[in-house]
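What follows is a single structure, written as structure tokens, with notes after it.
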Amino acid sequence: MLPASLVTSLTSKADIGLENAIPLRQRTTTSGVRYGCASAAPSVQPDITLLDKIRTEANIFVPEGSLKWIVTEPQPGQFDFLQGDSIAVFARRNGMLVHGHTLVWHAAIPTWVSQLVAPASARMALGRHIGTLVSRYKGLIWAWDVVNEAIEPDDGIDYGYRNSPWYHCLGADYIDLAFRLARDADSKPPLCLSEYGLEYQTLASKRRRSALLSLLRHLRTQGTPIDCLALQSHLSADQVLDQDGLTSFLRQVVALGYRLAITELDVNDAKIPGTIEARDRIVEAHVSDYLDLVFSVARPISIATWGLSDRYTWLRQYYSRDDGTALRPLPLDVNLRRKPMWSALARFISAP
Ligand code: G3I
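According to the working numbering, the residues represented by the sequence shown are -18 to 333, in order.
Right, dumping it as structure tokens:
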């Protein structure tokens, strides 16, 4: 929990001339909590004004899609690093690190991966893919999302495992295997298990927390080399955070020896009525409440938002507002001006 005096002083500082306030990137030196944001590769989306804001505000670049399997290994053993390398060049040039997203996922995979059946073929594919990607960007990677979204209680499998192609070929052991392969390829960056849908007072959130905790306990007993739980944090401003349930869950995760990272933060305001100013204040409060809860358990190693500006957000593919106005889920507006959500991030990223 931040001291009230600090919150007040930083709030007023951010409110007076928000555009002139110290960028998030510079604030990370006070707290040690790095700030990252997801984006397409500069080669794919050469939006110079956005890239300028990214290098000013963030010290981690998160490839939104460029390191996914469908992009990097579209055919068996044929790798394509055009997008990944464009990010690597941008990051190196601007003194940034890269959050590796993501090595093993059930989505954004090419057809040949989704058609794997034999365990030996799946093992070979995992070994080649993880070894190649992790080695290529060694030294530049801040952390790796090694396994993404391993649970889905609705799939009806024991312990809540997701019925992914990987589970289908290798059973739950694919998770341990993936982390060992990543660790063998690079001993340095924190290795993360990334998950979503954990925050609210809904039955779905409760079931997801329970399944994930069982999995994290199991991975500890197996000695799986996993360092960190990546909380995706795709929030919805119309839902109620589960203060007790989420706090208790995070405490147990930390007690197991895992660190926390916030990796895909954004706030869906599709169902929030009112003016843009009112909506932005609600989004800011939601982010503040959420970060307050997480920081009260443990300081995350980094906070990343899933995009920087409302100009580009995946949410638009799936959600829209009844009043026809655009969603405002990110720290900067479509004109790249800082919003109240930016101030909420600034307060926590500045926490001494
Ligand atoms: O690149 C192709 C382009 O060539 C084609 O013309 C166009 C036509 O639709 O599609 C483009 O690919 C899209 C890609 O994003 C790049 O824009 C895919 O259709 C689209 O499905 C893909 O969506 C991404 C999604 O993951 C699946 O990979 C979203 O941008 C990205 O924000 C989203 O990110 C995920 C995280 O990885 C994991 N956690 C949840 C998060 C949100 O869903």
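Where is the CB? At the ideal position from N, CA and C, for every residue including glycine.
Considering only C-alpha positions, which residue in the set the options is nearest to residue i?
i: Gly17; options: Ala307, Ser290, Arg302 and Gly305; result: Ser290
i: Asn151; options: Arg15, Gln59, Val98 and Arg190; result: Looking at the sequence provided, one finds Leu at residue 151 rather than Asn. When each option's Cα is compared against that of Leu151, the closest is Val98.
i: Ala69; options: Ile122, Gly137 and Leu231; result: Ile122
i: Ile156; options: Glu258, Pro206, Arg109 and Asn1; result: Pro206
i: Pro254; options: Asp219, Leu231 and Thr83; result: Asp219
i: Ile132; options: Arg188, Arg260 and Pro310; result: Arg188
i: Lys169; options: Ile257, Asp270 and Trp125; result: Trp125
i: Ile257; options: Leu194, Gly120, Leu172 and Asp314; result: Asp314
i: Gly269; options: Tyr293, Leu222 and Gln298; result: Note on residue identity: the sequence assigns Ser, not Gly, to residue 269. Selected option, being the one with the closest Cα: Leu222.
i: Ala279; options: Gly13, Arg6 and Leu(-1); result: Gly13
i: Asn75; options: Asn1, Ile243, Ala106 and Arg6; result: Arg6
DSSP three-state call for residue i: helix, strand or coil?
i: Arg292; result: coil
i: Ser24; result: coil
i: Gly17; result: strand
i: Ala266; result: helix
i: Leu317; result: coil
i: Asp126; result: strand
i: Val248; result: strand
i: Tyr177; result: coil
i: Ser(-14); result: Because the pLDDT of Ser(-14) is 40, which lies under 50, any placement of that residue in the model is unreliable, and the number read from its coordinates should be weighed accordingly. DSSP places Ser(-14) in helix when its eight states are reduced to three.
i: Ser301; result: coil
i: Leu(-9); result: With a pLDDT of 47 at Leu(-9), under the threshold of 50, the predicted position of this residue should be treated as unreliable, though the coordinate-derived value follows. Looking at Leu(-9) - three-state DSSP - the assignment turns out to be helix.
i: Leu326; result: helix
i: Thr306; result: coil
i: Ser12; result: helix
Starting from the C-beta of residue i, find all residues in its chain whose C-beta is less than 6 Å away, skip the five residues before and the five after it, and write them out in chain order.
i: Ala266; result: none
i: Gly204; result: none
i: Val264; result: Ala218, Val248, Asp250 and Met322
i: Phe71; result: Pro23
For residue i, collect the residues of the same chain with a Cβ closer than 7 Å to its Cβ; drop the 5 residues on either side in sequence, then sort them by chain order.
i: Ser67; result: Ala22, Pro23 and Ser24
i: Gln224; result: Leu274
Quick one: what's got a C-beta closer than 8 Å to residue i's C-beta in the same chain, skipping five residues either side?
i: Asp136; result: Tyr142, Arg143 and Asn144
i: Gly226; result: Gln182, Ser186, Lys187 and Arg190
i: Thr30; result: Leu317
The stretch 46 to 63 touching the stretch 85 to 92, judged by at least three CB pairs closer than 8 Å | Segment contact: the stretch 46 to 63 against the stretch 85 to 92, three or more CB-CB distances shorter than 8 Å; contact assigned.
Within the stretch 26 to 95, ranges of the alpha helix (DSSP H) (whole runs, at least 4 residues) = Inside the stretch 26 to 95, DSSP marks whole alpha helix (DSSP H) runs of 4 or more residues at positions 29 to 38, 50 to 53, 63 to 74 and 92 to 95, from first to last along the chain.
Between the stretch 230 to 248 and the stretch 272 to 286, are three or more C-beta pairs nearer than 8 Å?
-> yes
Within the stretch 198 to 234, ranges of the beta strand (DSSP E) (whole runs, at least 3 residues) = Runs found: 209 to 212 and 215 to 217.
Counting pairs of Cβ atoms below 8 Å between the stretch 207 to 227 and the stretch 142 to 150, do you hit three or more?
-> no
For the stretch 102 to 174, list the beta strand (DSSP E) runs that are entirely contained and at least 3 residues long, ordered along the chain.
-> 122 to 129
Just checking, does the stretch 173 to 187 make contact with the stretch 100 to 109 on the three C-beta pairs under 8 Å criterion?
-> The stretch 173 to 187, when compared against the stretch 100 to 109, does not touch it at the 8 Å Cβ threshold.
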